[in-house]
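K.L.:
Each residue of the sequence shown is one higher than the one before, counting from 452 in our numbering.
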Amino acid sequence: MAALVCVGPQEQLEFLHEDLEKRCRRQKVDLKLLRLPDTNSRYLSLTCESNGRANEQRLKYNLAHAVASLLTEQWEEQLISKIVNDNYYFFQQGEDVDVKQRARQILATAAADRSSKVAGSLLTYLEDNDYLNLDGFLNFRLPDYLGQLEEAVDKAVDEYLVEKEYKEFMRLLRYFVANQEPRVDKVQVFLSSPGVFQVYDNEDSVLTNTGRGGFQVELRRKEVNYEDVLISALITIAPRSILLHVAGSGELETTVSTLKNVFAEKLQICPGCPKCKQRKRRKL
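#1: With 16 as the cutoff for other CB atoms within 10 Å, does Leu-573 come out buried or exposed?
#2: Between the alpha carbons of Ser-708 and Asp-679, how many angstroms are there, rounded?
#3: Verify whether the separation of the beta carbon atoms of Asp-470 and Ser-520 is less than 7 angstroms.
#4: CB-CB under 7 angstroms to Val-535, same chain, minus the five flanking residues each way: which ones, in chain order?
#5: From Gln-461, Lys-726, Ala-554, pick the residue whose C-alpha is nearest to that of Glu-602; which is it?
#6: With a CB to CB cut of under 8 angstroms and the five nearest residues on each side skipped, what residues in its chain are close to Asp-636?
#7: Pick helix, strand or coil for Asp-636, following the three-state DSSP scheme.
#8: Can we count Ala-563 as close to the ligand GDP, meaning its CB is less than 6 angstroms from some heavy atom?
#9: Roughly how many angstroms lie between the CA atoms of Val-638 and Leu-558, to the nearest whole one?
#10: Would Lys-511 be called buried (16 or more neighbouring beta carbons within 10 Å of its own) or exposed?
#11: Just to confirm the assignment, what range does the alpha helix (DSSP H) spanning Thr-687 have?
#12: With 16 other CB atoms within 10 Å as the buried threshold, where does Gln-463 fall?
#13: Can you give the Cα-Cα distance for Asn-630 and Leu-681, rounded to whole angstroms?
#14: To the nearest angstrom, report how far apart Lys-726 and Gly-545 are at their CA atoms.
#15: First and last residue of the alpha helix (DSSP H) that includes Asp-564?
#16: Looking only at its chain, what residues have a beta carbon closer than 7 angstroms to the beta carbon of Phe-466, apart from the 5 residues adjacent to it on each side?
#17: Tell me the rounded alpha-carbon separation between Arg-592 and Asn-506.
#18: Using 8 angstroms for Cβ pairs, my map puts Asp-581 next to Leu-455. What's the rounded Cβ distance?
#19: Excluding the 5 residues preceding and the 5 following Leu-710 in the sequence, name in chain order all residues of the same chain whose CB lies nearer than 6 angstroms to its CB.
#20: Just list the residues that DSSP pairs Glu-500 with in beta bridges.
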């Protein structure tokens with residue numbers, strides 16, 4: 452009779468016990484589970500017994516995958532929290548919650564692959580061992596897994612800080628625009644595709660930064676952010692109101708959202724005039 456002993460925190464072992472029973476029941480593996488309190492009251496020992504070589508191999512397989520599921524479905528959230536709290540303790544309350552949520556979303560895209568690799572490491576270990584300490588295995592046998600979690604947290608922090616900086620920049624722009632003295636009453640902006648826009652005054656004359664004659668910008672260099680150029684142009688012109696004509700598809704949604712964010716109530720979206728319809732049929 453083969454016996455495997457698994458020791459771990461009580462909460463995790465309860466999940467493992469239930470999951471292992473379900474897996475063995477589905478595969479009709481003879482299994483005897485015995486839960487015993489460990490010397491530490493927070494921990495439990497789970498003894499798994501199975502008859503026969505074939506059953507022993509299936510037991511190890513099921514135990515490995517049950518522990519892998521435990522890590523990726525239950526324990527992982529606690530591990531993420533620990534990494535954030537240890538490495539980024541300077542975040543204020545609420546900021547750490549945002550980072551943890553982002554890290555979980557990043558990790559969710561490869562959860563199955565991560566679980567499979569953990570199960571493989573466990574199977575290799577169980578070939579020569581009949582005692583498994585969950586804490587010890589996690590901390591000393593799964594450096595790549597823990598490294599993935601740390602990388603996800605680092606990426607989440609980078610995303611959060613970039614977004615925070617962007618929001619602060621937008622806030623400052625909104626403040627500047629709101630308190631800026633208008634230089635013209637109204638302008639019209641035509642967007643047809645990313646990288647191409649035209650700005651007209653209220654008399655349908657094309658505006659430039661030096662006068663009339665063609666504030667027409669067509670940016671083909673990918674390193675140039677045309678949204679920044681457009682916002683800079685509108686701040687320079689300083690209109691009291693802006694009528695935005697969008698003659699494009701969903702690819703312009705980000706640009707429209709950015710303009711709304713900066714110019715707020717000064718910006719109005721054209722519901723669909725003859726000029727918009729005409730520009731949808733041809734390029735600027």
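We put the CB at the ideal spot given by N, CA and C, even for glycine.
P.N.:
Looking at the coordinates:
#1: buried
#2: 13 angstroms
#3: yes
#4: Asp-547, Val-550, Lys-551, Val-604
#5: Ala-554
#6: Asn-653, Pro-690, Arg-691, Ser-692
#7: strand
#8: Absence of the ligand GDP from the depicted structure is noted, as is the absence of any ligand whatsoever, leaving it without description.
#9: 46 angstroms
#10: buried
#11: 677-688
#12: buried
#13: 19 angstroms
#14: 47 angstroms
#15: 562-577
#16: Leu-521, Gln-525
#17: 25 angstroms
#18: 5 angstroms
#19: Leu-718
#20: Ala-454, Lys-483
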